[in-house]
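Peer 1: Numbering (the working numbering), first residue to last: 874 to 1045.
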């Protein structure tokens, strides 16, 4: 079974275990992040409306830039693994803060802010994820393995679509 799977995925048998572990992690990260992002986008469109998109993209650009710089500082100071953990913990804290904000008041302003927070979080988590992944494979391995990991991330996005649909059906 293992040789066949390695052949189908175009990776070496010696790389298969690490590849499947990281691809599985990509599924979980993609599933979680895109589910939160889809929910935030849906509430944003419902509360703030599509006319708020131009302002959103301006605010997003102004917000992502310093956060990406902060991510670089974290990586240099603490290393790739620790920086990734810090970003994941900050992402969990942001989710709790957004939930609390929605509990207190669910209006256009909160929806706008939550959408910016989740968009920035999505960018930072995925940036850190790929930096983390690149530490586990050399360049030649990466050429074979990164497409498999990216496919795992895409599977997570697809699963988030199912999750979002189920939540939308039962929540409304």
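Just so it is clear, CB atoms sit at the ideal spot from N, CA and C, and this is done for glycine as well.
Ignoring anything shorter than 3 residues or poking outside the segment 884 to 971, list the beta strand (DSSP E) runs there in chain order.
Peer 2: Whole beta strand (DSSP E) segments, 3+ residues: zero.
Peer 1: Considering only the alpha carbon of each residue, which of 941, 993 and 1023 lies closest to residue 898?
Peer 2: It is 1023 whose Cα lies nearest to the Cα of residue 898.
Peer 1: Return the CA-CA distance between residue 1034 and residue 1043, expressed in angstroms with no decimal places.
Peer 2: If I take the Cα positions, the gap works out to 14 Å.
Peer 1: DSSP state of residue 880, grouped into three classes?
Peer 2: Three-state DSSP puts residue 880 in a helix.
Peer 1: Ends of the alpha helix (DSSP H) at residue 1001?
Peer 2: Element bounds for residue 1001: 981 to 1007.
Peer 1: Mapping DSSP to helix, strand and coil, what is residue 978?
Peer 2: If DSSP states are grouped into helix, strand and coil, residue 978 belongs with coil.
Peer 1: Distance check for residue 984 and residue 917, CA to CA, integer angstroms please.
Peer 2: So the alpha carbons of these two residues sit roughly 5 Å apart.
Peer 1: Looking at C-beta atoms only, is the number of pairs between the segment 886 to 894 and the segment 957 to 971 that lie closer than 8 Å three or more?
Peer 2: No, the segment 886 to 894 does not touch the segment 957 to 971.
Peer 1: Does the segment 990 to 1009 come close enough to the segment 899 to 907 to have 3 or more Cβ pairs within less than 8 Å?
Peer 2: The segment 990 to 1009 vs the segment 899 to 907: in contact.
Peer 1: Check each candidate in 989, 922, 1006 and 952 and name the one with the smallest Cα separation from residue 938.
Peer 2: Looking at the Cα atoms, 989 is the closest of the given residues.
Peer 1: What are the boundary residues of the alpha helix (DSSP H) that residue 1010 is part of?
Peer 2: That residue, residue 1010, is in no alpha helix (DSSP H); it is neither H nor E in DSSP.
Peer 1: Are there 16 or more other CB atoms within 10 angstroms of the CB of residue 991, so buried, or fewer, so exposed?
Peer 2: The residue is buried, with at least 16 neighbouring Cβ atoms inside 10 Å.
Peer 1: Any idea if residue 907 is buried or exposed, counting beta-carbon neighbours within 10 angstroms, 16 or more meaning buried?
Peer 2: Buried, by the Cβ-count rule.
Peer 1: Less than 6 Å between C-beta atoms, sequence neighbours within five positions excluded: which residues of the same chain meet that for residue 1008?
Peer 2: These residues qualify, in order along the chain: 953.
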